[in-house]
Structures are given as C-alpha cells and as structure tokens.
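Residue numbers (the UniProt record's numbering): 1 to 668.
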C-alpha cells in the first residue's frame, strides 16, 4: 500500500473494542474540554488511561536572570566536556542490566522530576543529543529534545496512547536550527529509565505498538494491559509543536509567545531514514531539502489545477461578512470565486463588490448547497469573532455560543474546498485570553486532522498601513507538499525603526471625495475634545465604535470608518447604518491581509515552478531568511482523518505581544 493510500485511513473511528487502531483513548471526542490549559496549552485530564502520568504542574513564571538566546545550548567550557555515554542512577535502570542503564547519544529517557520548576515536566521524555560531564565534581547533564505525551498536548493533536509530540521553544535572535537551539537540559538523576521512541513521518497507527500488541481495551484486564503498554511499549512521535520568542521575550513577564507552529514530522527527521533527530548527524532540516517527488499535493488531494506559474489563483471566502478578506484577495491579484455569509446585508455588500463571484446566503452548517463547486486554491475562514474579542467585556452568552459553534463547521468547509492554503483571521483573544485557549487548541486540531501544517502569529495592523491599533490573530495552514509561507514583515513603525511612519488618520480619510457614498458629515448636538489627525486613530474600531472626527464636532461617517479600517473609498456597502457599522467593525483590514495573501501566492508560485521543472528547486523565501527554515520543510504525506471530527513550518519573524505594545523582531 503506497503512502498516499495509507494516509487516507480513517484512524478516528469509534465503537470498536480492539485498540490497535482506535480505542486506546476514551475521550477522543470533538467536544471542547473544560479544564484550563497550562502555559503551553496542555490540557489536564482525569480519564482512566495513563493514570500514573498526572498532568504536568504549572510552569514557574518567576523572572529568571536575563539570558541571551545564544546562552542556551552552547558548547561546554572546561571543566565541562561532552562525553559519549553515561550510566543511569535510578535503581530501576540498574536492575535492568548494563545495556538498559547505559545512555548514549540518540537514546531516549523518561523524565521523573516531580518538582519541575520550568518547561520540562514530570513524565516527559528526552531524546538525548548531548551528554555533558563536569570533571571536577563529576555531575552529568543530559541535553536533548523534549517529547510530551499527546494526552498533555491535546486538543491540538489526537490523544492516542503512547503517541508523543516534540514540544520546544526557540528564539528569533538565534540562527541555529530548532534541533540545536531548542534543546533542554536535565540532570542525570532526573532520567528515570530508557524508553523506545520512534520519530516518523508515517501516518497513525503505523510503527506503534498496535502493529504487534493489539488488545481489547474494554475486555478482561484491559486497563492493566493498557498501563503495561503505557509504561513499557514503544513511543511514536508524528508532530512538532514550537513556540517562538522574540528578542528578549524569553525572560519577560508575559507568560508565553504569541507565535508558533504545529506541523507533521518530515522524512529528513524520521528515524528510519537516519533523521537529524537521532543525534548522530550534523545535517540540518531545510526547506530546500525535499526529494524530487516530495510535491505530491495535486495527486494526494485530487486538486484540479496543473502547474502554471502565471495562472490566477482562486480564493474562497467563508463567513464573508463585509468582504474585507475578499477585498484583500482582489488587491493581491487573486480571483474571488465564491463567498458565503448568513447575513443578508453582508451578502448584498459582497454581490455589489465581487460581481464575478458566486455569493450565497446560508448558515455555515448548510454550506455548500447541492451542486456548488467550492474548490479553490486559497480558502479564507473567519468565523464570527466577537466571543473571542478582548473588547467583549459584556458577553451575550447565547450569541457567543452560536458564534463559537461556527468553528465546528470549519472541517466540512475545508473538506469541500480542498484548498492548498487555508488562512484565518480572528480576534487576538482567541489566543491571548486564557479561557479561550481550549478553543484555539481545538481549531489547530481540526487543521491537524485535515493533514495541514499550521503557523500562527498575532499582528498589530497598525504596523501594516492601517491607521488604528488593531491586534489580530493570523493563521496560515498548508496542505501536504506546500511549504508554509512567511508572515509578512511590518511596513510601518515608530521613528527610528527604519520603516515608514504609521499611517495617520488624515492620510487614511482626509482625501475622501465630497460626494462619496455613505459620507454625509453632520454636526453632533454635543462636541468632544479634538484630537491630532496627524497621528493614527487612537482606538480599535468595533461594531459599535463611538468614533469621532478629529475636530470634535461630529462622529465619523460610515465612509470614514471604512477608511480607518483600510477599505478603498470606492468600496460599496449595503444595509442599514447599524448593519454597515457591523460589517466594517468585523471586517478583516484589507491592506494588512493583502500582505498575508501575497506571501501565500509567492509560495504557490514557487511550488508551481518546482513542479513545472520536475526537478529540485530552492523554495526558500525571497529574503533568504534561514533562521527557522528547519521548522518548515514541505511534507510528502499526512495522516488523514475524518474532517467531521474536531480535534502544523517556518517561523521567520516573531511577533510578540507585550501588555502595552507590539514588538516586531525580524531576522535578516
């Protein structure tokens, strides 16, 4: 059976008694979990499986002494040196004999550190990459990559017995690949025993214990057998989860970075192909290291388009709203093929502006209607975001439930559209608010189930030519064979940044034609304090913004609100004043998202070029940003799963949010 066929297995069927495919975890349900996520989106779980492995303790968030990124994982200095092997100290390991108690480079050890103060948690596993001995005191440290049971990484990845995920943190000011700079250290006495672990690009359940030890999980002694498997059988890693720190952010008070990736492992990392994670090779994973036949997306996912670097890529817009994303797509040169929304006024607005597209009014659960061709190259998804907004301080419980339920329509839409790239824009609270972390993890799980690699970041639209502070979560997901695009670099910044100055309110809306539609300035009964129009607008526009003109004598017109949001002055809106305000306030800011889509187009062009030549090609980004290319190799296969279930690659510029401003750190 070839890899493409194998990857099409449905590995999430339920109702079977045999655990070799399905039933090893008893809560693989799409229902969003209710327990709080820990610092690295780890969900606590009190189910019966793996009872001896409690959830990791909360991370110690106390400030540590400032440490530059290059202070991590550097070459040891005398009296410390690298050594080739060492003996474990635990009685359990010693009793198993000399082989089981000897640790060499490439071995995996189980960690027991009940009072863990940092990132490494009790019950984690380490693939040992370096062994360091202090020749004065004799102390030994192990340095390696951390693997965490999927149980503690869910809902981002499927919770399956003995399945693990690499969990790492990296820094933008460290040019080394993740499998060097992302290592962690433990003392030798924290290494409890050796374990068998396989890193693979094969789909679940290949290479797992299910190949040789199927058992009835609900039969006699099922629970006891499950514990034996958890304690002793092979561990398998198929995913990598990386969080990225900007310059100086690792030691900041903020709890974790707002940029990261979730992706599948690649052939270059797989153990059975002598991968870089064995600790026995100096080779680095790089985006350009793909095999000639690596780009198989067209065959694997049955896309209809052949390679043609000059063709116009198609764009589908789910939850279209006022059409901000479609407007951005049109600006970027994409063909807007279709869109849908449940709001009749929003649909009318889209029909006025995208006359060649097929726009329909329907609920997300009813899309697509019979006979509707939803295939597209780039699919944009922006489910209603009010529930996740930082401005949602007085939530409407019923509306929030309706809006959040829209997320569960995402898998079906992706399955129908079969896009090469998925983009998503949401309120930054989906990532930044603690109570929404489970929703964010569930969204990543949906994309992971669909076989997509995922990259996310929080952007401030102010730094992308929008004349307002507007922090939004941008997410890009790519199908097998498509490298993840770069996030766009900021175009505007503070004085001294080397970027263009922020767009002022006067520049954004001071040139609106006198007779433009939706532009009827009327004096207000009461005046407000004037403000400086040669600065950006001070607030983030929402659906009910109380926005006043800089002269203080009137409110901003609908056309001015649209201009602050980045819409062209010729963009047409339909509906009541309230409906149009809602369309504008909820819209994706077009100039910012145009830059996101242009990065997606660059990648599709490069993939087409590579396919067209039929040979090797360098698919690096044009700016030659090598820093995190090792996180972004394109994938030959992906473990397919039912898209109906809820359950990810380069990081080239880190966007990290402080409490009071956005810091953008770029690596040239």
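All C-beta atoms, glycine included, are put in the ideal place defined by N, C-alpha and C. These figures come from a predicted structure and were not determined experimentally.
Can you name the residues that DSSP bridges to residue i?
{"i": "residue 259", "result": "457"}
{"i": "residue 340", "result": "360"}
{"i": "residue 133", "result": "81 and 140"}
{"i": "residue 199", "result": "237"}
{"i": "residue 170", "result": "244"}
Assign residue i to buried or exposed, taking buried as 16 or more other Cβ atoms, counted over all protein chains shown, within 10 Å of its Cβ.
{"i": "residue 294", "result": "Model confidence at residue 294 stands at a pLDDT of 42, short of 50, so the residue's coordinates are unreliable; what they give is reported in the following sentence. Residue 294 is buried by the Cβ-count criterion."}
{"i": "residue 435", "result": "exposed"}
{"i": "residue 84", "result": "exposed"}
{"i": "residue 259", "result": "buried"}
{"i": "residue 463", "result": "buried"}
{"i": "residue 313", "result": "buried"}
{"i": "residue 376", "result": "buried"}
{"i": "residue 369", "result": "exposed"}
{"i": "residue 600", "result": "buried"}
{"i": "residue 515", "result": "exposed"}
{"i": "residue 277", "result": "buried"}
{"i": "residue 367", "result": "buried"}
{"i": "residue 430", "result": "buried"}
{"i": "residue 345", "result": "buried"}
{"i": "residue 448", "result": "buried"}
{"i": "residue 326", "result": "buried"}
{"i": "residue 578", "result": "exposed"}
{"i": "residue 492", "result": "buried"}
{"i": "residue 228", "result": "exposed"}
{"i": "residue 342", "result": "buried"}
{"i": "residue 151", "result": "buried"}
{"i": "residue 640", "result": "At residue 640, the pLDDT of 36 sits below 50, so the modelled position is not reliable; the number obtained from the coordinates is stated separately. Classification of residue 640: buried, given that the 10 Å Cβ count is 16 or more."}
Could you say which of the options lies nearest to residue i if we only look at CA atoms?
{"i": "residue 584", "options": "453, 563 and 370", "result": "563"}
{"i": "residue 273", "options": "199, 227, 575 and 204", "result": "199"}
{"i": "residue 487", "options": "458, 481 and 466", "result": "458"}
{"i": "residue 240", "options": "159, 168 and 82", "result": "168"}
{"i": "residue 424", "options": "103, 410 and 154", "result": "410"}
{"i": "residue 237", "options": "356, 192 and 108", "result": "108"}
{"i": "residue 594", "options": "412, 356, 324 and 206", "result": "324"}
{"i": "residue 176", "options": "262, 230 and 75", "result": "75"}
{"i": "residue 456", "options": "529, 374, 173 and 473", "result": "473"}
{"i": "residue 452", "options": "475, 356, 408 and 460", "result": "475"}
{"i": "residue 588", "options": "542, 552 and 604", "result": "542"}
{"i": "residue 114", "options": "190, 160, 268 and 184", "result": "190"}
{"i": "residue 669", "options": "357, 102 and 93", "result": "Absent from the structure is residue 669, since the part of the chain shown begins at 1 and ends at 668."}
{"i": "residue 566", "options": "574, 520, 554 and 470", "result": "470"}
{"i": "residue 545", "options": "535, 531, 560 and 553", "result": "560"}
{"i": "residue 422", "options": "502, 248 and 603", "result": "603"}
{"i": "residue 184", "options": "319, 166, 384 and 439", "result": "166"}
{"i": "residue 568", "options": "586, 530, 553 and 513", "result": "513"}
{"i": "residue 518", "options": "497, 570, 590 and 269", "result": "570"}
{"i": "residue 418", "options": "407, 159, 477 and 231", "result": "477"}
For the beta strand (DSSP E) containing residue i, name the first residue and the last one.
{"i": "residue 312", "result": "Taken as a continuous stretch (DSSP letters only), residue 312 belongs to no beta strand (DSSP E), as it is neither H nor E."}
{"i": "residue 439", "result": "Counting along the chain, residue 439 falls outside any beta strand (DSSP E), though it belongs to the alpha helix (DSSP H) covering 437-449."}
{"i": "residue 123", "result": "Taken as a continuous stretch (DSSP letters only), residue 123 belongs to no beta strand (DSSP E), as it is neither H nor E."}
{"i": "residue 474", "result": "471-478"}
{"i": "residue 245", "result": "235-245"}
{"i": "residue 147", "result": "140-149"}
{"i": "residue 81", "result": "80-83"}
{"i": "residue 593", "result": "Note, residue 593: premise wrong, no beta strand (DSSP E); alpha helix (DSSP H) at 590-613."}
{"i": "residue 231", "result": "No beta strand (DSSP E) holds residue 231; the alpha helix (DSSP H) holding it covers 222-232."}
{"i": "residue 379", "result": "378-381"}
Does the beta-carbon distance from residue i to residue j come in below 8 Å?
{"i": "residue 441", "j": "residue 156", "result": "yes"}
{"i": "residue 316", "j": "residue 380", "result": "yes"}
{"i": "residue 533", "j": "residue 504", "result": "yes"}
{"i": "residue 279", "j": "residue 127", "result": "yes"}
{"i": "residue 465", "j": "residue 550", "result": "no"}
{"i": "residue 77", "j": "residue 125", "result": "no"}
{"i": "residue 468", "j": "residue 539", "result": "yes"}
{"i": "residue 671", "j": "residue 437", "result": "In the structure as shown, the chain starts at 1 and stops at 668, and residue 671 therefore has no counterpart that could be examined."}
{"i": "residue 353", "j": "residue 181", "result": "no"}
{"i": "residue 233", "j": "residue 209", "result": "yes"}
{"i": "residue 558", "j": "residue 525", "result": "no"}
{"i": "residue 607", "j": "residue 482", "result": "yes"}
{"i": "residue 187", "j": "residue 226", "result": "no"}
In the DSSP assignment, the alpha helix (DSSP H) including residue i goes from what residue to what residue?
{"i": "residue 351", "result": "344-353"}
{"i": "residue 524", "result": "No alpha helix (DSSP H) contains residue 524, which DSSP labels as neither H nor E."}
{"i": "residue 671", "result": "The chain is shown only over 1 to 668; residue 671 falls outside these bounds and no answer can be derived."}
Does residue i get closer than 8 Å to chain C when you measure Cβ to Cβ?
{"i": "residue 191", "result": "The chain inventory of the structure shown lacks chain C, comprising one protein chain alone."}
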